[in-house]
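In our numbering, the protein residues as written are 3 to 369. A virtual CB, placed ideally from N, CA and C, is assigned to each residue, including glycine. This one's a predicted model, so the numbers in the text were calculated from it and none came from an experiment.
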């Protein structure tokens, strides 16, 4: 069974997913109408409240033999324990403040990721600074010291026009490329340790550049069953099958299953460069995959893919520019995780009165 999801549709209604089995998204909803069609504290209170109670309610009211689901009749039986109106507004205000900060961080990260992608595209795909210098212009938005690291002409290497002095090399000659495996799930001594164990499923619902958590963990004994062992912080992971294309960076030592290709960065190739290169070249990667049941890009097919590598000094300049951007993205993600945990901890305590709100009017100014 999956986690019950509540969808908040602004201004009109709460939509409650009635199928709790994880799988393809379906248009199976129970609609809980809200009389007031304008977004307000009461609406926000109800959304938080229902989110907190529906999972246990649904689990005890499932019907169906083939595919269990939750129907409209059961939804009507949801009991809502409403505190006084000022308290509802106060709870909505407290939790809404946390939600607003989470949303602000999310939007900031979208902007930062767009900036990082634009810099990579300009420098390493379109070669804008090189083209500008070739035309006798100063590269836009770039100081003289950084501009000096770019050549002013192109040359042909292996049939490709690239900036003079750069190299075309197989990615397997630049980076250490590793794969993973899964220890026997029948051996309990391998599982439940303190080492994160990542599978593509852990990235399926995440659109962020970093892996914050994994569903499962393994022990040192479990790690011993994996050829790649524990991968270092900053490793870039590419899901290699089912599907190909999830890309993320580790923020803690981690082990992986057979669904990944792991790329270990080094001085010649920054992990954020690798991350952006994978994103920009996904069509090339998928084009080199094979398989009958599902497509898979093997390490054997991945390692020969060619990468246009800039000189070491330019890679260092790129790192100095891009590292603070990704550091801020990571900081925002961690903060959002902490804010979400705080919100989810506060909610039941505020609803039950364990954390009393003695003067709710102070939060809203409305009695």
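Asked	Found
For residue 245, the nearest candidate out of 174, 202 and 282 (CA to CA)	202
Given residue 208 as reference, the closest of 303, 339 and 363 once Cα atoms are compared	339
Identity of the residue in 225, 163 and 168 nearest residue 184 by Cα	225
Under 8 Å between C-beta atoms of residue 257 and residue 231	yes
Residue 149 versus residue 311: straight-line alpha-carbon distance, rounded	17 Å
Burial state of residue 36 (16 or more Cβ within 10 Å)	Per-residue confidence for residue 36 stands at a pLDDT of 43, beneath the threshold of 50, marking its modelled position as unreliable; no derived number is given.
Runs of alpha helix (DSSP H) lying entirely within the stretch 155–188, each at least 4 residues, in chain order	173–176
Beta-carbon proximity check, residue 286 vs residue 253, cutoff 8 Å	no
CB contact flag (residue 170, residue 162, <8 Å)	yes
The stretch 295–315 touching the stretch 189–197, judged by at least three CB pairs closer than 8 Å	no
Residue 301 versus residue 284 - alpha carbon distance	15 Å
Residue 263 - containing beta strand (DSSP E), residue span	262–266
Cβ pair count under 8 Å reaching 3, the stretch 128–138 against the stretch 108–117	no
Three CB pairs or more closer than 8 Å across the stretch 330–347 and the stretch 99–107	yes
Spatial neighbours of residue 125 in its chain, beta-carbon cut-off 7 Å, leaving aside the 5 residues before and after	131 and 320
For residue 199, the nearest candidate out of 239, 175, 151 and 177 (CA to CA)	239
Beta-bridge pairing of residue 309 - partner residues as DSSP gives them	171
Status (buried if at least 16 other CB within 10 Å, exposed otherwise) for residue 268	exposed
Assigned secondary structure, residue 243 (DSSP; H/G/I helix, E/B strand, else coil)	strand
Backbone CA spacing between residue 205 and residue 139 [nearest angstrom]	43 Å
Burial state of residue 90, where buried means 16 or more other Cβ atoms lie within 10 Å	buried
Residue interval of the alpha helix (DSSP H) (run including residue 236)	It is not in any alpha helix (DSSP H) - residue 236 carries neither H nor E in the DSSP assignment.
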